[in-house]
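See below for the structure under consideration.
There are 2 protein chains.
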Amino acid sequence: MPALPSSLDSFDLAILAILQRDNTTPQRLIGEAVNLSAPAVQRRIKRMEQTGVIAGNVAVVEPAAVGQPITIFVEVELESERAELIDAAKRQFSATPEVQQCYYVTGEADFILVITVADMGAYEALTRKLFFDSNNVRKFRTFVAMDRVKVGLTVPLPV
Amino acid sequence: MPALPSSLDSFDLAILAILQRDNTTPQRLIGEAVNLSAPAVQRRIKRMEQTGVIAGNVAVVEPAAVGQPITIFVEVELESERAELIDAAKRQFSATPEVQQCYYVTGEADFILVITVADMGAYEALTRKLFFDSNNVRKFRTFVAMDRVKVGLTVPLPV
DNA sequence: CTCTTAAATGCAAGTTTGTTTCGTCCAGGA
DNA sequence: TCCTGGACGAAACAAACTTGCATTTAAGAG
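Chains as they are written, first to last, in full-length UniProt numbering: chain A, 1 to 159; chain B, 1 to 159.
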């Protein structure tokens, strides 16, 4: 449960900008970049982690390097949009490791999935499990990524 | 330029699994988890960073906490698919901070974008800049995320 | 205008973590 | 068998993180 309203000043934003690029940057260097001492930087980072501004610290793995070179987008349209069935779908997608990202959306689809697989065979098997075996998926549209032009979770920061 | 063929053994994969969840985990703890000494863990991490298996180390920022609560998907269809125009589009999308992710895809669209903005007004302005002012966008379809059900860059790792 | 208070800072000490060195242990090839 | 390359662990070393404390800053009350 994120604490949203928190007041982030320009120091916090400058720190976030650095950590979003490389969270292994030493606090000493961050301090030099934003004109604060290392302890001050550390206290601000800790506070942002505790309040949920920083949701996590992760290594980004190159999918192709671990044998999962295929990225696929899927628009999923459900038969019924009963809340209970929506939630069931959310739970199933969340629990599926190949589903890297899942969004519940407005518009001509109900869900958009980002899927990572080793090959099209694996995707075919996954569609069977996620879509055909479900009796609540009306249809789905597949887009295979030819180029991961820009990938990341970087959030644009105000001024 | 990622070096793909590299041979990752089960130690490497176990280390990656941990770092994908939390890259602040001390090497000592990682070592205990995978039955290796801290220096061994450190050498493997360094090697994977150098070979591109680990593409980066980043803090994940909660968009709502920094005033960017709206996530939007856009399917973009171009007028012309001349290579030169495709590349121009890739460059423009890459250079736009609000475009968090951009994929060049097969299927009924040419690009899929993941966009992060503060409000719909900002999105409207962005569409003007990216789509209407371009004379190579035939049409685009917008999906507004109501729920970021699952978000991340976690890659499923082989056994 | 001064005083008080709460919050944030910098410095310095202490602790943990990351890094290097070095000797040892396999495994493969001559 | 001998040699060589690669990876390992233990220990020493260096760097980074963390904490305690006195000081500064800013805002509000008197």
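Beta carbons: idealized from backbone N, C-alpha and C, even for Gly. Keep in mind it's a predicted model, so treat the numbers as computed, not measured.
Check whether residue i and residue j have beta carbons under 8 Å apart
i: I54(B); j: V60(A); result: yes
i: L13(B); j: P156(B); result: no
i: F73(A); j: F140(A); result: no
i: Q68(B); j: A118(B); result: yes
i: R138(A); j: Y103(B); result: no
i: I112(B); j: E77(B); result: no
i: A154(B); j: V114(B); result: With the sequence shown as reference, residue 154(B) is identified as Thr, and Ala is not the correct amino acid for it. Taking 8 Å as the Cβ cut-off, T154(B) and V114(B) do not qualify as a contacting pair.
i: R28(A); j: A38(A); result: yes
i: N135(B); j: A89(B); result: no
i: V41(B); j: G52(B); result: no
i: E98(A); j: T116(A); result: yes
i: L130(A); j: T106(A); result: no
i: Q50(B); j: V151(A); result: no
i: D110(A); j: E84(A); result: no
Minimum Cβ-Cβ distance from residue i to chain A less than 8 Å
i: S37(B); result: no
i: Y123(B); result: no
i: S94(B); result: yes
i: G31(B); result: no
i: P26(B); result: no
i: K46(B); result: no
i: A88(B); result: no
i: V146(B); result: Looking at the sequence shown, residue 146(B) is not Val but Met. Chain A, which has a Cβ nearer than 8 Å to the Cβ of M146(B), makes this yes.
i: S10(B); result: no
i: R21(B); result: yes
i: A109(B); result: yes
i: V74(B); result: no
i: V41(B); result: no
i: L153(B); result: yes
i: A59(B); result: yes
i: K150(B); result: yes
i: V105(B); result: yes
Paired residues, beta bridge with residue i - DSSP
i: N57(B); result: A59(A)
i: R141(B); result: E75(B)
i: V99(B); result: I115(B)
i: D87(A); result: Beta-bridge pairing links D87(A) to no other residue.
i: I70(B); result: V117(B)
i: K150(A); result: C102(B)
Below-8 Å beta-carbon distance, residue i vs any chain B residue
i: L130(A); result: no
i: L4(A); result: Because the pLDDT at L4(A) is just 41, under 50, the model does not fix this residue reliably, and the point stays unresolved.
i: M1(A); result: Caution is warranted here: a pLDDT of 37 is assigned to M1(A), below 50, making its placement in the model unreliable, and no coordinate value can be reported.
i: R82(A); result: no
i: N136(A); result: no
i: I54(A); result: yes
i: T127(A); result: no
i: Q50(A); result: no
i: I70(A); result: no
i: V66(A); result: yes
i: F143(A); result: yes
i: L78(A); result: no
i: L16(A); result: yes
i: Q157(A); result: Inspection of the sequence shows that residue 157(A) is occupied by Leu rather than by Gln. Taking Cβ atoms only, chain B reaches closer than 8 Å to L157(A), which makes this a yes.
i: V99(A); result: yes
Should the region 18-26 of chain A be regarded as contacting the region 40-58 of chain B, the criterion being three or more beta carbon pairs within less than 8 Å? Judged by Cβ distances under 8 Å, the region 18-26 of chain A makes contact with the region 40-58 of chain B, as three or more pairs qualify.
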